[in-house]
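Numbering of the sequence shown is given in our numbering, commencing with residue 13 and proceeding in unit increments.
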Amino acid sequence: MNLGTIFKYINYQLTACNEHDLHSPFLYNFYMELIKNKYPFADFKLLQQIRAQLIQNHTELQITDFGAGSKKLNNNKRRISDISKHGIATQKQAEFLYRLLNAFQPKTIIELGTSVGLTTLYLAKSVPKSSIYTIEGCPNLFQFSNQLFQKQQQKNIQQIQGNFDIEFPKLLQSLKSIDFIYIDGNHAYEPTMRYFKTALTKKTPQTIMMFDDINWSKEMQKAWKEIQLNSEVTLSMDFFYFGLVFFRTEHKEKEHVVLKF
Ligand SMILES: C[S@@+](CC[C@H](N)C(=O)[O-])C[C@H]1O[C@@H](n2cnc3c(N)ncnc32)[C@H](O)[C@@H]1O
13 MNLGTIFKYI NYQLTACNEH DLHSPFLYNF YMELIKNKYP FADFKLLQQI RAQLIQNHTE
73 LQITDFGAGS KKLNNNKRRI SDISKHGIAT QKQAEFLYRL LNAFQPKTII ELGTSVGLTT
133 LYLAKSVPKS SIYTIEGCPN LFQFSNQLFQ KQQQKNIQQI QGNFDIEFPK LLQSLKSIDF
193 IYIDGNHAYE PTMRYFKTAL TKKTPQTIMM FDDINWSKEM QKAWKEIQLN SEVTLSMDFF
253 YFGLVFFRTE HKEKEHVVLK F
């Protein structure tokens, strides 16, 4: 973290809301059921075991970097163990994603950035009857995650290999709408805004969008600010590490909240 981000983080810790500050029933219930509630779903045990195995897997993969890269891992060769420790959603964040999808039951889900595939499994297991489309540019990560999905016999994941810039608009042409999208790759201003605007073309009032690493850089902070302010967004939630946006028509007045995670 650079100095600016450290100050932002301290400010976040001092000012972020918890359940005591939330008055709207939607926000209060959201916080209580999805953040405070630590109910351990049966799938969590297996997913934790897979995470532990990935962290023990020291196989090196040649990485083709399509995105803004990683601050910690900038070698072309990376170990599965290092990617799993530093480059994917944490257990806490992945379990939150599971709870979120379980609560809202989205049918069409897109993940931009499969990496080793663990978070994709959280998404797929939380809503087994839904379709998960996950895009990954690096051929070796694509292959690695493909083997993981096959081993788990996870049937509701459709993997796409290629650059988000090409594959994401192409995928959207074949879909009626997006219910949930997790944008977790190519963390720079221009592509993030472009993926957001592309996703907007297939949103409904029920769509939820999640942006990872919103404080990763000044560019990401700028993109996140613009996304919050977009006139179509009715509610945005800032969890420092990631942000969520909603388009709910029940939310008559545009609202932005910073929530403790
Ligand atoms: C942060 S990782 C994704 C982590 C994953 N969602 C998780 O939590 O387990 C980002 C991934 O996006 C891929 N990526 C970044 N930019 C891309 C692009 N423009 N096209 C395709 N893949 C890209 C990278 O290869 C990397 O594997």
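Heads up, the beta-carbon is just placed ideally off N, CA and C, and yes, glycines get one too. Nothing here was measured: the structure is a model prediction, and the numbers come from that model.
Exposed or buried, which one is Pro52 when buried takes at least 16 other CB atoms within 10 Å?
The count along the sequence shown starts at 1 and reaches residue 52 at position 40. Classification of Pro52: exposed, given that the 10 Å Cβ count is below 16.
Counting beta carbon pairs with one atom in the region 199–217 and one in the region 171–190, are three or more of them shorter than 8 Å?
yes
Cβ of Leu39 within 7 Å of any heavy atom in ligand 1?
On the sequence shown, residue 39 is found 27 positions in, with the first residue counted as 1. Checking the Cβ of Leu39 against ligand 1 gives no.
For Pro203, does the count of other Cβ atoms within 10 angstroms reach 16, so buried, or fall short, so exposed?
To locate residue 203, count along the sequence shown from 1; it is residue 191. Buried.
Nearest-angstrom beta carbon gap, Phe259 and Lys215 [assumed within contact, 8 Å]
In the sequence shown, the residue the question calls residue 215 occupies position 203. In the sequence shown, the residue the question calls residue 259 occupies position 247. Contact holds; Cβ gap of about 6 Å.
Of the residues Lys89, Arg90, Thr132 and Gly149, the one placed nearest Leu109, counting alpha carbons only
Walking along the sequence shown from the start, residue 109 turns up at place 97. Minimum Cα distance to Leu109 is reached at Thr132.
May I ask you to check if the CB of Glu244 is nearer than 7 Å to at least one heavy atom of ligand 3?
Only ligand 1 can be found as ligands here, which leaves ligand 3 out of the picture.
Quick check: Ser142 and Ile122, are their CB atoms within less than 8 Å of each other?
Counting from one through the sequence shown, the residue named residue 142 turns up at place 130. Counting from one through the sequence shown, the residue named residue 122 turns up at place 110. It is not a contact, given that the beta carbons lie outside the stated cut-off.
Could you check how far apart the C-beta atoms of Val139 and Ser157 are, in whole angstroms? I think they sit under 8 Å.
By 1-based counting over the sequence shown, the position of residue 139 is 127. By 1-based counting over the sequence shown, the position of residue 157 is 145. About 18 Å; that fails the 8 Å criterion.
With H, G and I counted as helix, E and B as strand and the rest as coil, what does DSSP make of Lys89?
Counting from one through the sequence shown, the residue named residue 89 turns up at place 77. Lys89 falls in the strand class under three-state DSSP.
Out of curiosity, what's the CA-to-CA distance linking Thr219 and Lys119?
Here residue 219 is taken as the residue at index 207 of the sequence shown, counted from 1. Here residue 119 is taken as the residue at index 107 of the sequence shown, counted from 1. Answer to the nearest angstrom: the Cα atoms are 10 Å apart.
Indicate, with yes or no, if ligand 1 has a heavy atom lying under 7 Å from the CB of Val139.
As a working mapping, residue 139 is identified with position 127 in the sequence shown. For ligand 1, not one heavy atom lies less than 7 Å from the Cβ of Val139.
Within its chain, find whatever has a CB closer than 7 Å to the CB of Gln103; leave out the 5 residues flanking it on each side and keep chain order.
Looking up residue 103 in the sequence shown gives position 91. For Gln103, where only same-chain residues beyond five positions count, the Cβ hits under 7 Å are Gln60 and Arg63.
Coil, strand or helix - Thr204 by DSSP
Here residue 204 refers to the residue found at position 192 of the sequence shown. Thr204 falls in the helix class under three-state DSSP.
If the criterion is Cβ atoms closer than 8 Å, does the pair Ile47 and Cys150 meet it?
The sequence position of residue 47 within the sequence shown is 35, counting from 1. The sequence position of residue 150 within the sequence shown is 138, counting from 1. No, the Cβ-Cβ distance between Ile47 and Cys150 is not below 8 Å.
When we look at the beta-carbon of Ile22 and count the other beta-carbons within 10 Å, is it buried (16 or more) or exposed?
Locating residue 22 in the sequence shown gives position 10, where the first residue counts as 1. Ile22 comes out exposed.
Touching by the beta-carbon criterion (3+ pairs, under 8 Å), the region 193–202 and the region 222–235
yes
Less than 7 Å separating the Cβ of Asp196 from some heavy atom of ligand 1?
In the sequence shown, the residue the question calls residue 196 occupies position 184. Flag set: Cβ of Asp196 near ligand 1.
Along the chain, where does the beta strand (DSSP E) that runs through Ser143 open and close?
One-based indexing of the sequence shown puts residue 143 at position 131. First-last of the beta strand (DSSP E) with Ser143: Ser143 to Glu148.
At a cut-off of 7 Å, would you count Gly149 as near ligand 1, judging by its Cβ distance to the nearest heavy atom?
Position 137 of the sequence shown, counting from 1, holds the residue named residue 149. For ligand 1, at least one heavy atom lies less than 7 Å from the Cβ of Gly149.
Any heavy atom of ligand 1 inside 7 Å of the beta-carbon of Thr71?
Counted from its first residue, the sequence shown places residue 71 at position 59. No, the Cβ of Thr71 stays beyond 7 Å of every heavy atom of ligand 1.
So Ile144 packs on Leu130, CB below 8 Å; how close in whole Å?
What you label residue 144 is simply residue 132 of the sequence shown in a count that begins at 1. What you label residue 130 is simply residue 118 of the sequence shown in a count that begins at 1. With 8 Å as the limit, Ile144 and Leu130 do not qualify as a contact, their Cβ atoms being about 13 Å apart.
Would you identify the three-state DSSP class for Tyr194, choosing helix, strand or coil?
Counting from 1 along the sequence shown, the entry for residue 194 is found at position 182. Note: Tyr194 maps to strand in three-state DSSP.
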